[in-house]
Amino acid sequence: MPATAASTIQARIHHPSVSLKRTSTTASRRGKPSKIANRISRINSTSPSCRTRPESASHLAVIAVLTNLPDSGSAFNLAREVVNLRLAACANVLAPVTSFYRWEGRDEEATEYPVLIKSTRERYAELESAIRANHPYSVPEIIAWPIEHGFAAYLNWVEDETRA
873 MPATAASTIQ
883 ARIHHPSVSL
893 KRTSTTASRR
903 GKPSKIANRI
913 SRINSTSPSC
923 RTRPESASHL
933 AVIAVLTNLP
943 DSGSAFNLAR
953 EVVNLRLAAC
963 ANVLAPVTSF
973 YRWEGRDEEA
983 TEYPVLIKST
993 RERYAELESA
1003 IRANHPYSVP
1013 EIIAWPIEHG
1023 FAAYLNWVED
1033 ETRA
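When we follow the working numbering, the leftmost residue of the sequence shown carries the number 873, and every step to the right adds one.
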């Protein structure tokens, strides 16, 4: 790509312990910054809420939890239940996947429906109990990850919607 046709986008990632600078190059046919470059620049300069949460906020309070169910009906029921109980702000029933695993000494293959749940550490124990109570498997997959970075307004919304 010719240097004259390139524009540089700089996005800073703000975090109490890290300050990273990422540079990428984009170009349009006329040598002007691309629409996406202009949009990123505008967002970064006008919206502090798109950065990670300040240290004073409840850092790492939001989690993503994943479980797989054997059919769409049980997946939809579980998703509705955890949101209705305010154990989750949001639950997404994802497209079916094919899972390969070992169970009781045998290789297995099954179609499963993943449910991605957004909640908080504070509600995790209750959420896990609700998943286990509403799950048809005797040993359901229930795994959680802390959300380290994200759109502050969304993370605040998750916390607000899961308060008991």
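Heads up, the beta-carbon is just placed ideally off N, CA and C, and yes, glycines get one too. If you're wondering where the values come from, they're calculated on a predicted model, not measured in any experiment.
Check whether the Cβ atoms of residue i and residue j sit closer than 9 angstroms, and answer yes or no.
i	j	result
Ile1014	Glu998	no
Asn964	Ile989	yes
Glu1033	Ala982	no
Tyr996	Ile935	yes
Only counting the same chain, and skipping five residues up and downstream in sequence, which positions put a Cβ closer than 7 angstroms to that of residue i?
i	result
Pro986	Leu938, Asn940, Leu966 and Val969
Ser946	Pro1008
Pro1012	Thr939, Ile1003 and Arg1004
Grab me the residues of residue i's own chain with a C-beta within less than 6 angstroms of its C-beta, minus the 5 sequence neighbours each way, in chain order.
i	result
Ser928	Any reading at Ser928 must be qualified, since the residue scores a pLDDT of 39, below 50, and its modelled position is unreliable; the value itself is stated next. No residues qualify anywhere along the chain.
Gly1022	none
Val1030	Val934, Ala961 and Lys990
Ala951	Ala963, Val965 and Val987
Which residue wins for smallest C-alpha separation from residue i, given the options the options?
i	options	result
Ala1002	Pro1018, Glu1031 and Leu959	Leu959
Glu1020	Tyr973, Thr992 and Ala1036	Thr992
Arg1035	Ala951, Trp975 and Asn956	Asn956
Val954	Ala1016, Asn1006, Gly977 and Ser971	Asn1006
Assuming residue i and residue j form a contact by the criterion Cβ under 8 angstroms, report the distance between their Cβ atoms to the nearest whole angstrom.
i	j	result
Pro942	Glu984	6 angstroms
If I follow the unbroken beta strand (DSSP E) through residue i, where does it start and stop?
i	result
Tyr985	Arg978 to Thr992
Phe972	Val969 to Trp975
What residue range does the alpha helix (DSSP H) around residue i cover?
i	result
Val1030	Ala1024 to Glu1033
Within the same chain, show all residues whose beta-carbon is closer than 8 angstroms to that of residue i, passing over the 5 residues directly before and after it, in chain order.
i	result
Ser944	Val965, Pro968 and Tyr985
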